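Student: Residue numbers (the working numbering), protein chains in the order written: chain A, -10 to 158; chain B, -10 to 158.
Number of protein chains: 2
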Amino acid sequence: MDDQAIPLDAETKAVEMPEDHREELRLWLRILTCTTLIEGEVRRRLREQFDVTLPRFDLMAQLDKAPDGMTLSDLSKRMMVSNGNLTGLVDRLVASGHIVRTASPTDRRASVISLTESGRAEFRTMAAEHEHWIAELFGDLTEKDRGELMRLLGKTKLSARRAIQGEGQ
Amino acid sequence: MDDQAIPLDAETKAVEMPEDHREELRLWLRILTCTTLIEGEVRRRLREQFDVTLPRFDLMAQLDKAPDGMTLSDLSKRMMVSNGNLTGLVDRLVASGHIVRTASPTDRRASVISLTESGRAEFRTMAAEHEHWIAELFGDLTEKDRGELMRLLGKTKLSARRAIQGEGQ
DNA sequence: CTAATTTATTTTAAGCTTAAAATAATTGCT
DNA sequence: AGCAATTATTTTAAGCTTAAAATAAATTAG
């Protein structure tokens, strides 16, 4: 690549020019920018149009997919947030009447969380709007762009998981 | 595209099959998963190896690029966080000796934030490690993958900005 | 020059988030 | 059965985050 006046054999070069990873760093920062931008806008619209926070919306989205409800542990894994975080979030959504806690019939430690009827109705109204917002935010991407982005992010997800899991063992 | 047994003229179809945007939604959720996964791991390693939080690291990263320091407003725009958030973050980093506040010589409302010598040294040590982590997390992507991902995310960023700006006017 | 507006920052109140420690119930082992 | 380890959840302490209101200084308009 960069032929210089001073010749360097491969090994010397490896020592003096350890790989730099600025490209990967720029890629990561760009992913982060996209996420922050879109998430901030979604958060803002949820608050303005439905007076709901994103974490509450996310929790209800999980419950909407589970007609029989979920335990806090299930929610914790799916949402990738801590147990302690969920305790408070669930408390607030119970207080606002969107969800209910039921004692698990099989495990006295656990409680099962499910949407109330009105909670589900309200969620579905919001979710329909939300889907439009996302479509609008990604509106300039072609179908091909989206497919390719999906594929590359799938690869990224696996790569990250490998790096995270691999290091623990 | 999809010729069906039941013929529908274009208008009927538009009414009965309003566009669904599940694909865009799945794409958004995948971006979010990647970000959460990687960000969580970076956060964990920063805490374990350097006893520092990600917001503090991010703030120092901005300052490291600005040898003459930055005002809170500059930081707020660059980091895409609220002013009020920065007040507290800056206070804590001043308390730990990583940064200093200086009164702006030209504007009595503003203060200029800059890294201390030891803060800069500490940041650079962390930043070098951080760059390796990111390279490792993205390790399974080829150079071509990364270039393509960068391009598509660039397009996504512009698309989102257009959708956000366009709606305000 | 003065009043109105804008800009820079802080404060406040509320909620989100985490890690670590504590409780309590269940499961596995012998 | 009885003890150890695991699992489900809550509590605690600390910090992050935001929106909205407040304060104060600078800029603009007339």
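Where a beta carbon is used, it is the ideal one built from N, C-alpha and C, also for glycine.
The structure displayed is predicted, hence computed values, not measured ones.
(1) Can you give me the C-alpha to C-alpha distance between LEU75 of chain A and LEU64 of chain A, rounded to a whole angstrom?
(2) What's the call for GLU165 of chain B, buried or exposed, on a 16-neighbour Cβ count within 10 Å?
(3) Within 10 Å of its beta-carbon, does GLU0 of chain A have 16 or more other beta-carbons around it, so buried, or fewer, so exposed?
(4) Closer than 7 Å by C-beta to MET49 of chain A: which residues in its own chain qualify, once you throw out the five before and the five after it? Chain order, please.
(5) Assign GLU106 of chain A to buried or exposed, taking buried as 16 or more other Cβ atoms, counted over all protein chains shown, within 10 Å of its Cβ.
(6) Consult DSSP for ALA92 of chain A and reduce its assignment to one of helix, strand or coil.
(7) Which of the three DSSP states, helix, strand or coil, is assigned to ASP9 of chain B?
(8) LEU126 of chain A: which of B:LEU142, B:ALA117 and B:CYS23 sits nearest, CA to CA?
(9) Can a CB atom of chain A be found closer than 7 Å to the CB of SER148 of chain B?
(10) Alpha carbon to alpha carbon, how far is LEU138 of chain B from GLU132 of chain A?
(11) With a threshold of 7 Å between beta carbons, is HIS10 of chain B in contact with chain A?
(12) How far does the beta strand (DSSP E) with VAL83 of chain A in it extend, from its first residue to its last?
(13) What is the DSSP secondary structure of VAL101 of chain A, counted as helix, strand or coil?
(14) Verify whether the separation of the beta carbon atoms of ARG45 of chain B and LEU82 of chain B is less than 7 Å.
(15) Tell me, please, which residues DSSP counts as bridged to MET68 of chain A.
(16) By alpha-carbon positions, which one of A:GLU118, A:SER85 and A:GLU8 ends up nearest to GLU8 of chain B?
(17) Counting only beta-carbon separations shorter than 7 Å, does PHE127 of chain B have a partner in chain A?
(18) For LYS2 of chain A, which residues from the same chain have a beta carbon less than 7 Å from its beta carbon, with the 5 sequence-adjacent residues on both sides left out?
(19) Can you tell me which of A:LEU21, A:ASP129, A:ARG97 and A:ASP40 puts its alpha carbon nearest to the alpha carbon of SER85 of chain A?
(20) Is there at least one Cβ from chain A nearer than 7 Å to ALA99 of chain B's Cβ?
(21) Can you confirm whether ARG67 of chain B, when its beta carbon is compared against all beta carbons of chain A, has any partner nearer than 7 Å?
(22) On a Cα-Cα basis, can you pick out the residue from A:MET115, A:LEU14, A:ALA124 and A:SER93 that is closest to GLU12 of chain B?
(23) May I have the straight-line CA-CA distance separating GLN(-7) of chain A from LEU16 of chain B, to the nearest angstrom?
(24) Chain B partners of MET139 of chain A, CB-CB under 9 Å?
(25) Report the neighbours of GLU120 of chain B on chain A: residues whose CB is nearer than 7 Å to its CB, in chain order.
(26) Short of 8 Å in beta carbon distance, which residues of its chain neighbour THR95 of chain B, apart from the five on each side in sequence? Order them along the chain.
Tutor: The answer reads as follows:
(1) Here residue 75 of chain A is taken as the residue at index 86 of the first sequence, counted from 1. Here residue 64 of chain A is taken as the residue at index 75 of the first sequence, counted from 1. Taking the straight line from one Cα to the other gives about 8 Å.
(2) One cannot answer for residue 165 of chain B here, as it falls past the ends of chain B, which runs -10 to 158.
(3) Reading the first sequence from its first residue, position 11 is the one you call residue 0 of chain A. For GLU0 of chain A, the predicted structure reports a pLDDT of 48, less than 50, and the residue's modelled location is therefore unreliable. A value from the coordinates is still provided. Exposed.
(4) Within the first sequence, residue 49 of chain A is the residue found at index 60, counting from 1. Only HIS87, LEU104, GLY108 and PHE112 meet the Cβ criterion.
(5) Your numbering for residue 106 of chain A matches position 117 in the first sequence. By the 16-neighbour rule on beta-carbons within 10 angstroms, GLU106 of chain A is exposed.
(6) Position 103 of the first sequence, counted from the start, is the residue given in the question as residue 92 of chain A. If DSSP states are grouped into helix, strand and coil, ALA92 of chain A belongs with the strands.
(7) Residue mapping note: residue 9 of chain B aligns to position 20 of the second sequence, counting from 1. Correct three-state label for ASP9 of chain B: coil.
(8) For this step, residue 126 of chain A is matched to residue 137 along the first sequence. When each option's Cα is compared against that of LEU126 of chain A, the closest is B:LEU142.
(9) Taking the second sequence and counting its residues from 1, the one referred to as residue 148 of chain B is at position 159. Contacts with chain A at 7 Å (Cβ-Cβ) include SER148 of chain B.
(10) Along the second sequence, read from residue 1 onward, the residue named residue 138 of chain B stands at position 149. Along the first sequence, read from residue 1 onward, the residue named residue 132 of chain A stands at position 143. Rounded to the nearest angstrom, the gap between the Cα atoms of LEU138 of chain B and GLU132 of chain A is 15 Å.
(11) As a working mapping, residue 10 of chain B is identified with position 21 in the second sequence. Judged by the 7 Å Cβ criterion, HIS10 of chain B is in contact with chain A.
(12) One-based indexing of the first sequence puts residue 83 of chain A at position 94. No beta strand (DSSP E) contains VAL83 of chain A, which is instead part of the alpha helix (DSSP H) from 72 to 84.
(13) Residue numbering aside, residue 101 of chain A sits at position 112 when the first sequence is read from its first letter. DSSP, read as helix, strand or coil, puts VAL101 of chain A in strand.
(14) One-based indexing of the second sequence puts residue 45 of chain B at position 56. One-based indexing of the second sequence puts residue 82 of chain B at position 93. In this structure, LEU82 of chain B lies closer than 7 Å to ARG45 of chain B by Cβ.
(15) In the first sequence, residue 68 of chain A corresponds to position 79, counting from 1. Its beta-bridge partners do not exist; DSSP assigns none.
(16) Locating residue 8 of chain B in the second sequence gives position 19, where the first residue counts as 1. When only C-alpha atoms are compared, the closest one is A:GLU118.
(17) Locating residue 127 of chain B in the second sequence gives position 138, where the first residue counts as 1. At a cut-off of 7 Å between C-beta atoms, PHE127 of chain B counts as an interface residue with respect to chain A.
(18) Taking the first sequence and counting its residues from 1, one reaches residue 2 of chain A at position 13. Because the pLDDT at LYS2 of chain A is just 47, under 50, the model does not fix this residue reliably, and the point stays unresolved.
(19) Residue mapping note: residue 85 of chain A aligns to position 96 of the first sequence, counting from 1. Ranking the options by Cα distance to SER85 of chain A, first place goes to A:ASP40.
(20) Here the question's residue 99 of chain B lines up with position 110 in the second sequence. Judged by the 7 Å Cβ criterion, ALA99 of chain B is not in contact with chain A.
(21) Locating residue 67 of chain B in the second sequence gives position 78, where the first residue counts as 1. It does not; no Cβ of chain A falls within 7 Å.
(22) Here residue 12 of chain B refers to the residue found at position 23 of the second sequence. For the residues A:MET115, A:LEU14, A:ALA124 and A:SER93, the minimum Cα distance to GLU12 of chain B belongs to A:ALA124.
(23) Locating residue -7 of chain A in the first sequence gives position 4, where the first residue counts as 1. Locating residue 16 of chain B in the second sequence gives position 27, where the first residue counts as 1. Below a pLDDT of 50, predicted positions are generally treated as unreliable, and GLN(-7) of chain A, at 46, falls in that range; no measurement from the model is reported.
(24) Position 150 of the first sequence holds residue 139 of chain A. Those are GLU12, ARG15, LEU16 and ARG19, listed as they occur along chain B.
(25) Stepping through the second sequence from its first residue, residue 120 of chain B is reached at position 131. Under the 7 Å cutoff, chain A gives HIS10 and LEU14.
(26) As a first step, residue 95 of chain B is located in the second sequence; it is residue number 106 there, counting from the start. In its own chain, leaving out the 5 sequence neighbours on each side, no residue places its CB closer than 8 Å to the CB of THR95 of chain B.
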